[in-house]
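*Asks:* Below you will find the structure I want to go over with you.
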Amino acid sequence: MKRLLLVIVMALIAASCGGDGGIEIDDPWARSSARMQNAGAVYMTITADDGDTLTGVAVDSSVAMMAELHETQMSDEGTMAMQEVPNMAVPADGELNLEPGGFHIMLMQLAEPLESGDTFPVTLTFENAGEVVVDVEVREE
Amino acid sequence: MLTRPSTPRVLPLLIALATAAIVLSACGDSIPAEPAGILRDPAPVVGDVELPDASNGGVTFATRAQDDHVLLVYFGFTSCPDVCPTTLADVRRAVRELDEGLAARVDLAVITVDPDRDDAATLTAYAQTWVPGAHALRTDDPAALRAAADAYGADYAIQTNDEGDIEVGHTAFLYAVDSAGRIRLTWPFGTPHEDLTSDMEYLFNEGV
Ligand SMILES: [Cu+2]
């Protein structure tokens with residue numbers, strides 16, 4: 003019984019710390035896609051104990067043909083557009099927010115619509131921590 | 090190995106604060122004296138902007154609300170995964186949270202700034218995801234699209250970058266047009282859906 007308790011406690015600690023080089027991912031989600039919408043965006047909050055850099059992202063072809071790191075920015079003229087970025091910094095003393103209207107993981111050519119309640123894995127590559135797989139939850143908002 | 094999403098410790102506090110805010114706001118008059126959206130003076134007139142409505146066989150549609158309705162107008166495109174669905178999902182939610190009688194008096198028109206890639210069926214299905222019966226405005230005439238955008242004070246640009254990807258920039262405002270064809274309110278990107286709901290209540294209260 004004591005051993006079982008220990009195992010449970012260890013499991014809880016492992017789950018709460020995330021493991022992977024001090025990388026912690028909070029609330030990875032994607033908005034359910036509109037009819038005929040062929041691209042998607044994934045959002046999350048990332049922290050790293052000693053700071054790190056997100057350098058790449060990948061999804062299975064059953065989800066989308068390609069995933070890219072993107073940033074939406076407002077131009078001087080007030081228009082909004084997004085562009086691929088080579089990497090995203092995770093500050094040691096802060097967090098990297100992927101959120102609507104800013105940094106996001108762009109899913110290009112969705113294999114099928116993203117529906118509320120679905121989950122799918124996304125593989126993030128960090129400069130120091132290496133590969134981290136997160137389960138992304140699809141929801142309406 | 091899977092990294093589980095962890096629940097931030099501040100979440101219960103946020104929920105408590107949000108609940109308190111909702112309870113407090115419910116005590117007062119829910120229709121604000123001043124809207125959260127931008128009032129433009131003089132109100133731009135867009136009722137004579139006419140574009141083919143792909144949701145109605147291409148019949149010309151003037152961007153003017155029916156009597157006693159509000160017409161929400163958005164310039165966007167369907168390959169836009171971040172900005173457009175954020176605002177249009179907020180529109181869907183804001184309309185759902187209106188009283189049924191008022192919700193039935195809100196219409197949506199999505200004007201595509203990317204007609205090359207958004208064909209009639211694609212744009213119609215996309216627009217009607219957000220509000221049932223939404224108008225899907227699409228023209229192959231660049232001058233007509235530019236004139237429509239100018240009337241709203243909106244801008245857009247389509248470029249192909251070095252890697253051959255199509256990059257679309259567009260003004261991400263949402264507009265509320267009344268039955269006289271005037272822009273009554275303009276909302277910037279990121280306006281909370283609660284504000285959209287209360288601003289529509291404000292407009293109906295003022296008269297549309
Ligand atoms: Cu993007």
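In order, the protein sequences belong to chains A and B.
Everything in the first sequence is counted per the working numbering, starting at 3 for the first residue and increasing by one.
Everything in the second sequence is counted per the working numbering, starting at 90 for the first residue and increasing by one.
Heads up, the beta-carbon is just placed ideally off N, CA and C, and yes, glycines get one too.
Every value quoted in this text rests on a predicted model; they were computed, and no experiment measured them.
Pair every Cβ in the segment 135 to 144 of chain B with every Cβ in the segment 166 to 185 of chain B, then say whether three or more of these pairs are closer than 8 Å.
*Replies:* no
*Asks:* Would you give the residue range spanned by the alpha helix (DSSP H) that residue 295/B belongs to?
*Replies:* Residue numbering aside, residue 295/B sits at position 206 when the second sequence is read from its first letter. Looking at the DSSP string, the run of the alpha helix (DSSP H) that includes residue 295/B is 282 to 295.
*Asks:* Looking at the strands, I want to know which residues DSSP matches up with residue 276/B.
*Replies:* Here residue 276/B corresponds to residue number 187 of the second sequence, with the count starting at 1. According to DSSP, which records beta bridges pairwise, residue 276/B is partnered with 263/B.
*Asks:* Determine the direct distance from the alpha carbon of residue 256/B to that of residue 246/B, and round the result to whole angstroms.
*Replies:* Numbered from its first residue, the second sequence carries residue 246/B at position 157. Numbered from its first residue, the second sequence carries residue 256/B at position 167. Whole-angstrom Cα-Cα distance: 8 Å.
*Asks:* Rounded to whole angstroms, what's the CA-CA distance from residue 125/A to residue 60/A? Just pull it up for me.
*Replies:* By 1-based counting over the first sequence, the position of residue 125/A is 123. By 1-based counting over the first sequence, the position of residue 60/A is 58. Roughly 5 Å between the two C-alpha positions.
*Asks:* Count the other C-beta atoms from every protein chain shown that fall within 10 angstroms of the C-beta of residue 159/B, then say buried if there are 16 or more, exposed otherwise.
*Replies:* By one-based count along the second sequence, residue 159/B stands at place 70. Buried is the call here.
*Asks:* Under 7 Å Cβ to Cβ from residue 73/A, same chain only, skipping five residues before and after it: list those, please.
*Replies:* Counted from its first residue, the first sequence places residue 73/A at position 71. For residue 73/A, where only same-chain residues beyond five positions count, the Cβ hits under 7 Å are 84, 85, 87, 104, 105.
*Asks:* If you run the structure through DSSP and keep just helix, strand and coil, what is residue 141/A?
*Replies:* Here residue 141/A refers to the residue found at position 139 of the first sequence. Three-state DSSP puts residue 141/A in a strand.
*Asks:* Near residue 259/B, which residues of its chain fall below 6 Å by C-beta distance, leaving aside the five closest residues on each side in sequence?
*Replies:* On the second sequence, position 170 is the one that residue 259/B refers to. So the list reads 164, 202, 245, once near-sequence residues are dropped.
*Asks:* Quick one: is residue 219/B near chain A, going by C-beta distance under 8 Å?
*Replies:* For the purposes of this step, residue 219/B is identified with residue 130 of the second sequence, where counting begins at 1. Chain A, which has a Cβ nearer than 8 Å to the Cβ of residue 219/B, makes this yes.
*Asks:* Give a yes or no on whether 8 Å exceeds the smallest Cβ distance from residue 42/A to chain B.
*Replies:* Reading the first sequence from its first residue, position 40 is the one you call residue 42/A. So yes, residue 42/A belongs to the interface.
*Asks:* So is residue 98/A in contact with chain B if we call contact Cβ pairs under 8 Å?
*Replies:* Taking the first sequence and counting its residues from 1, one reaches residue 98/A at position 96. For residue 98/A, the answer is no, since every Cβ of chain B falls outside 8 Å of its Cβ.
*Asks:* With a 10 Å radius around its C-beta and 16 neighbouring C-beta atoms as the bar for buried, classify residue 270/B as buried or exposed.
*Replies:* For the purposes of this step, residue 270/B is identified with residue 181 of the second sequence, where counting begins at 1. Buried, since its Cβ has 16 or more Cβ neighbours within 10 Å.
*Asks:* Expressed to the nearest angstrom, what Euclidean distance is found between the alpha-carbon atoms of residue 96/A and residue 228/B?
*Replies:* Locating residue 96/A in the first sequence gives position 94, counting from the first residue. Locating residue 228/B in the second sequence gives position 139, counting from the first residue. A direct Cα-to-Cα measurement between residue 96/A and residue 228/B gives close to 46 Å.
*Asks:* Does the count of Cβ pairs from the segment 198 to 212 of chain B and the segment 122 to 138 of chain A closer than 8 Å reach three?
*Replies:* Contact between the segment 198 to 212 of chain B and the segment 122 to 138 of chain A is absent, because fewer than three Cβ pairs lie under 8 Å.
*Asks:* So for residue 83/A, helix, strand or coil by DSSP?
*Replies:* Locating residue 83/A in the first sequence gives position 81, where the first residue counts as 1. Residue 83/A: strand per DSSP, three-state reduction.
*Asks:* So, is residue 1/A buried or exposed, given that buried needs 16 or more other C-beta atoms within 10 angstroms?
*Replies:* Here chain A comprises residues numbered 3 to 143, so residue 1/A is not present and cannot be evaluated.
*Asks:* When we look at the beta-carbon of residue 38/A and count the other beta-carbons within 10 Å, is it buried (16 or more) or exposed?
*Replies:* Position 36 of the first sequence, counted from the first residue, corresponds to residue 38/A. Answer is buried; the Cβ neighbour count reaches 16.
*Asks:* What residues in its chain sit with their C-beta under 6 Å from that of residue 68/A, if we drop five residues either side in the sequence?
*Replies:* Walking along the first sequence from the start, residue 68/A turns up at place 66. Around residue 68/A: 110.
*Asks:* Using the Cβ count rule (16 or more neighbours within 10 Å means buried), how would you classify residue 218/B?
*Replies:* If you number the second sequence from 1, residue 218/B lands on position 129. Buried.
*Asks:* With DSSP as the reference, label residue 11/A as helix, strand or coil.
*Replies:* In the first sequence, the residue the question calls residue 11/A occupies position 9. Bear in mind that a pLDDT of 47 at residue 11/A, under 50, signals an unreliable position, so the number given afterwards is only what the model happens to contain. In the structure shown, residue 11/A sits in a helix (DSSP, three-state: H, G or I).
*Asks:* Is the Cβ of residue 278/B closer than 8 Å to any Cβ of chain A?
*Replies:* The sequence position of residue 278/B within the second sequence is 189, counting from 1. With 8 Å as the cut-off, residue 278/B counts as an interface residue toward chain A.
*Asks:* So residue 215/B contacts chain A; which residues on that side make the cut at Cβ distance below 7 Å?
*Replies:* By 1-based counting over the second sequence, the position of residue 215/B is 126. By Cβ distance, chain A contributes 36, 37, 38, 39.
*Asks:* Under 8 Å Cβ to Cβ from residue 55/A, same chain only, skipping five residues before and after it: list those, please.
*Replies:* For the purposes of this step, residue 55/A is taken as residue 53 along the first sequence, with counting starting at 1. Here the set comprises 89, 90, 91, 92, 128, 129, 130.
*Asks:* Which of helix, strand or coil does DSSP assign to residue 24/A?
*Replies:* For the purposes of this step, residue 24/A is taken as the residue at position 22 of the first sequence. It is helical.
*Asks:* According to a CB-to-CB cut-off of less than 7 Å, which residues of the segment 66 to 82 of chain A neighbour chain B?
*Replies:* 74, 77, 79, 80, 81, 82
*Asks:* Please state if the CB of residue 52/A and the CB of residue 80/A are separated by a distance shorter than 8 Å.
*Replies:* Taking the first residue of the first sequence as 1, we reach residue 80/A at position 78. Taking the first residue of the first sequence as 1, we reach residue 52/A at position 50. Taking 8 Å as the Cβ cut-off, residue 80/A and residue 52/A do not qualify as a contacting pair.
*Asks:* So does residue 239/B have its beta carbon nearer than 7 Å to some heavy atom of ligand 1?
*Replies:* By 1-based counting over the second sequence, the position of residue 239/B is 150. Every heavy atom of ligand 1 is 7 Å or more from the Cβ of residue 239/B, so no.
*Asks:* Within 7 Å: the Cβ of residue 108/A and any heavy atom of ligand 1?
*Replies:* Within the first sequence, residue 108/A is the residue found at index 106, counting from 1. At least one heavy atom of ligand 1 is nearer than 7 Å to the Cβ of residue 108/A, so yes.
*Asks:* Say whether chain A places a C-beta atom closer than 8 Å to the C-beta of residue 283/B.
*Replies:* Position 194 of the second sequence holds residue 283/B. Not one chain A Cβ lies under 8 Å of residue 283/B.
*Asks:* How far does the alpha helix (DSSP H) with residue 231/B in it reach, from first residue to last?
*Replies:* Position 142 of the second sequence, counting from 1, holds the residue named residue 231/B. Note, residue 231/B: alpha helix (DSSP H), 231 to 241.
*Asks:* Rounded to whole angstroms, what's the CA-CA distance from residue 127/B to residue 277/B? Just pull it up for me.
*Replies:* Position 38 of the second sequence, counted from the first residue, corresponds to residue 127/B. Position 188 of the second sequence, counted from the first residue, corresponds to residue 277/B. Distance between the alpha carbons of residue 127/B and residue 277/B is about 8 Å.
*Asks:* Consider the C-beta atom of residue 38/A and the heavy atoms of ligand 1; say whether any pair is separated by less than 7 Å.
*Replies:* Taking the first residue of the first sequence as 1, we reach residue 38/A at position 36. Because no heavy atom of ligand 1 lies under 7 Å away, the Cβ of residue 38/A does not count as near it: no.
*Asks:* Under 8 Å between the Cβ atoms of residue 266/B and residue 152/B?
*Replies:* For the purposes of this step, residue 266/B is taken as the residue at position 177 of the second sequence. For the purposes of this step, residue 152/B is taken as the residue at position 63 of the second sequence. Note that the C-beta distance between residue 266/B and residue 152/B is below 8 Å.
*Asks:* When burial is assigned at 16 or more other CB atoms within 10 Å of the CB, is residue 194/B buried or exposed?
*Replies:* The residue you call residue 194/B lines up with position 105 of the second sequence. Label assigned to residue 194/B: buried.
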